[in-house]
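Enquirer:
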Amino acid sequence: MMQELTSMKDLSVRKINVNEQMSTLSTGGEGFIMTAAPPSLLGGLEKNNLRQLALTALRRAITTGELAPGTHLVETELSEKLQISRGTLREAMRQLQQEGLISAGARGRLAVRHLGSADVRDIFQVRAALEGLAARMLSEQNDRDAVIKELEEGILRMEESADGTLDERIEADLNFHQMLCSLTGNRTLLHSWKSLEGSIRMSVMYAGVDQALSNMSPHRHAGIVEAIKTGDSLGAARAVEDHMHETAQILTGNGA
Numbered sequence: 000m001m002q003e004l005t006s007m008k009d010l011s012v013r014k015i016n017v018n019e020q021m022s023t024l025s026t027g028g029e030g031f032i033m034t035a036a037p038p039s040l041l042g043g044l045e046k047n048n049l050r051q052l053a054l055t056a057l058r059r060a061i062t063t064g065e066l067a068p069g070t071h072l073v074e075t076e077l078s079e080k081l082q083i084s085r086g087t088l089r090e091a092m093r094q095l096q097q098e099g100l101i102s103a104g105a106r107g108r109l110a111v112r113h114l115g116s117a118d119v120r121d122i123f124q125v126r127a128a129l130e131g132l133a134a135r136m137l138s139e140q141n142d143r144d145a146v147i148k149e150l151e152e153g154i155l156r157m158e159e160s161a162d163g164t165l166d167e168r169i170e171a172d173l174n175f176h177q178m179l180c181s182l183t184g185n186r187t188l189l190h191s192w193k194s195l196e197g198s199i200r201m202s203v204m205y206a207g208v209d210q211a212l213s214n215m216s217p218h219r220h221a222g223i224v225e226a227i228k229t230g231d232s233l234g235a236a237r238a239v240e241d242h243m244h245e246t247a248q249i250l251t252g253n254g255a
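With the first letter of the sequence shown counted as 1, position 141 gets the number 140 in numbering that gives the first Met the number 0; the numbers rise by one all the way through.
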């Protein structure tokens, strides 16, 4: 059964830095409210910044499951709760559609997309291709010291976030995987990964919090860094592909 937006409760307060001004996204029981201290700060925000605030709030609510799959996104309710114009909201919603986080039904009603097991496997298959290519490229670089340092620091951040919040652990994990692509210097590769980020976040949470966290353990990523360090390009790509395949199998209930 489709859930209505008004069922959202107990969402947390988020702070986002916009043009070096700190605005607050309150996603409490009354819905999404954007406030600022002092209030005059909001008046100075450009339309693009309001759009980004709304986009960030909605994306986070969707990818963490606060807005459950199937939830109808009612434009009038959202624009009022976010305190933005419907035009600005539509721009944010179009971006969410492009990211694959929401979809339009037969009557054009927008709702949070429901991922099936086949969708999850498809997403991880594409991730394996992109990140496997990145790992191979990094392992083939002549001077890999700086790359290895960055990746090892990424794993350290994962270890340090082990006792942190769910958001902190997800960010540390995805930061490592995005770093694989960004360190290649290939902008097309990085753009391709970023275009999937919304779907990646949804797929990570597909089987629930406990399963998501078990897949983020640092030791499951150490083999990737080790292969890159030794210059084993095939081994580095294989380590990424194996990690993605195993994770997809576990998330969809087809693995150990």
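Built from N, CA and C at the ideal position, the CB exists for glycine as well.
1) Going by Cα to Cα distance, which pick from 91, 159 and 126 is closest to residue 176?
2) Are the segment 110–123 and the segment 200–220 in contact at 8 angstroms, needing three or more beta carbon pairs?
3) Once the 5 residues before and after residue 53 are set aside, which same chain residues still bring their CB inside 7 angstroms of it?
4) Going by Cα to Cα distance, which pick from 237, 178 and 165 is closest to residue 208?
5) Going by DSSP, which residues form a beta bridge with residue 111?
6) Could you give the uninterrupted runs of the alpha helix (DSSP H) lying entirely in the segment 176–214, keeping only those of 4 residues or more?
7) Going along the chain, which residues of its own chain have a beta-carbon closer than 6 angstroms to the beta-carbon of residue 185, five neighbours each way excluded?
8) By Cβ distance below 8 angstroms, which residues in the same chain neighbour residue 251 in space, the five residues on each side in sequence not counted?
9) Just confirm the distance between the C-beta atoms of residue 143 and residue 227, as a whole number of angstroms; I'd bet it's less than 8 angstroms.
10) Could you compute how far the alpha carbon of residue 47 sits from the alpha carbon of residue 147?
11) CB residue 173 to CB residue 133, shorter than 7 angstroms?
12) Residue 139 and residue 232 look like a contact to me (Cβ under 8 angstroms); what is the Cβ gap, rounded to whole Å?
13) Who are the near neighbours of residue 181 in its chain, counting only those whose CB is closer than 6 angstroms to its CB and skipping five residues on each side?
14) Quick one, which of 240, 107, 196 and 145 has its alpha-carbon nearest residue 170's?
15) On the DSSP letters alone, give me the boundaries of the alpha helix (DSSP H) that residue 241 sits inside.
16) So the candidates are 104, 99 and 51; which of them puts its Cα closest to the Cα of residue 256?
17) Can you tell me which of 49, 94, 50 and 100 puts its alpha carbon nearest to the alpha carbon of residue 69?
18) Runs of 3 residues minimum, wholly inside the segment 112–153: which ones carry the beta strand (DSSP E) assignment?
Expert: Concretely, from the data shown:
1) For the purposes of this step, residue 176 is identified with residue 177 of the sequence shown, where counting begins at 1. Residue 126 is the option with its Cα nearest to residue 176.
2) yes
3) The residue you call residue 53 lines up with position 54 of the sequence shown. For residue 53, where only same-chain residues beyond five positions count, the Cβ hits under 7 angstroms are 81, 83, 87, 88 and 91.
4) For this step, residue 208 is matched to residue 209 along the sequence shown. Cα-wise, what sits closest to residue 208 is 165.
5) Here residue 111 refers to the residue found at position 112 when the sequence shown is read from its first residue. Paired residues: 101.
6) 186–194, 196–203 and 208–213
7) Locating residue 185 in the sequence shown gives position 186, where the first residue counts as 1. Around residue 185: no qualifying Cβ.
8) As a working mapping, residue 251 is identified with position 252 in the sequence shown. Around residue 251: 116, 119, 120, 205 and 206.
9) Within the sequence shown, the letter at position 144 stands for residue 143. Within the sequence shown, the letter at position 228 stands for residue 227. Between residue 227 and residue 143 the Cβ distance is about 7 angstroms, and since that is below 8 angstroms, they are a contact.
10) If you number the sequence shown from 1, residue 47 lands on position 48. If you number the sequence shown from 1, residue 147 lands on position 148. If you take the alpha carbons of residue 47 and residue 147, they lie about 37 angstroms apart.
11) Here residue 173 is taken as the residue at index 174 of the sequence shown, counted from 1. Here residue 133 is taken as the residue at index 134 of the sequence shown, counted from 1. It is not a contact, given that the beta carbons lie outside the stated cut-off.
12) Mapped onto the sequence shown, residue 139 falls at position 140. Mapped onto the sequence shown, residue 232 falls at position 233. Confirmed, about 5 angstroms.
13) In the sequence shown, the residue the question calls residue 181 occupies position 182. Excluding sequence neighbours, residue 181 sits near 189.
14) In the sequence shown, the residue the question calls residue 170 occupies position 171. With distances taken between Cα atoms, residue 170 lies closest to 196.
15) By one-based count along the sequence shown, residue 241 stands at place 242. 232–250 is the extent of the alpha helix (DSSP H) around residue 241.
16) Past the boundaries of the shown model lies residue 256; the chain is included only from 0 to 255, so the question cannot be answered.
17) As a position in the sequence shown, residue 69 is number 70, starting the count at 1. Closest by alpha carbon: 100.
18) None, since the segment 112–153 contains no complete beta strand (DSSP E) of that length.
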